[in-house]
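Heads up, the sequence shown is in our numbering, so the first residue is 5 and it goes up one at a time.
Just so you know, even glycine gets a beta-carbon here, dropped at the ideal spot from N, CA and C.
In this text the structure is predicted, and so the values were computed from the model without any measurement.
The next block holds one structure in the form of structure tokens; read it before the comments.
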Amino acid sequence: MNILKLSWVGTRTDTHDETAAFFHDVMGLTVKHSGKDFTVLALQDGATVEVFGPTSSFNRHLTHPVVGFLVADLERSLNELHEAGVEIVLPIQRSNEGKWLHFRAPDGFVYELSEDEPISE
């Protein structure tokens with residue numbers, strides 16, 4: 005598997021507003037999107053932190069902070085996970101910003117693999 009960098013952190017919390025404010029006000033991250041119980045903040049290198057509040061419909065399966073790794077080829081990485089017998093928690097999802105999946109590692113926690121994908125017109 006070709007891991008390029010850490011690219012994403014997601015966390016679900018009952019203190020959405022306070023947590024998002026902490027990442028912005030104290031840690032200096034830039035707010036890219038802010039809505040009811042869902043905030044996306046960005047680091048200078050393009051990595052993102054997403055904060056999910058209790059009513060957010062996004063990533064309802066997350067119960068702890070999750071780290072995401074950017075890979076060169078998501079389908080190839082998925083095949084490697086399958087070959088290793090790794091549980092896929094969320095199959096490949098796609099948006100205009102890229103694609104991602106969630107898997108469960110031996111520690112029992114969920115992690116993410118993602119691939120940047122050019123936006124097609």
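- The secondary-structure analysis by DSSP pairs His106 across a beta bridge with Leu94 and Glu116.
- Using a C-beta cut-off of 8 Å, the stretch 35–49 makes no contact with the stretch 66–74, since fewer than three inter-stretch Cβ pairs fall below that distance.
- If you look at Glu79, you'll find it in the alpha helix (DSSP H) that goes Leu78 to Glu87.
- Assignment of His37 by DSSP, reduced to helix, strand and coil, places it in the strand class.
- At the C-beta level, Glu116 and Phe73 come within 8 Å of one another.
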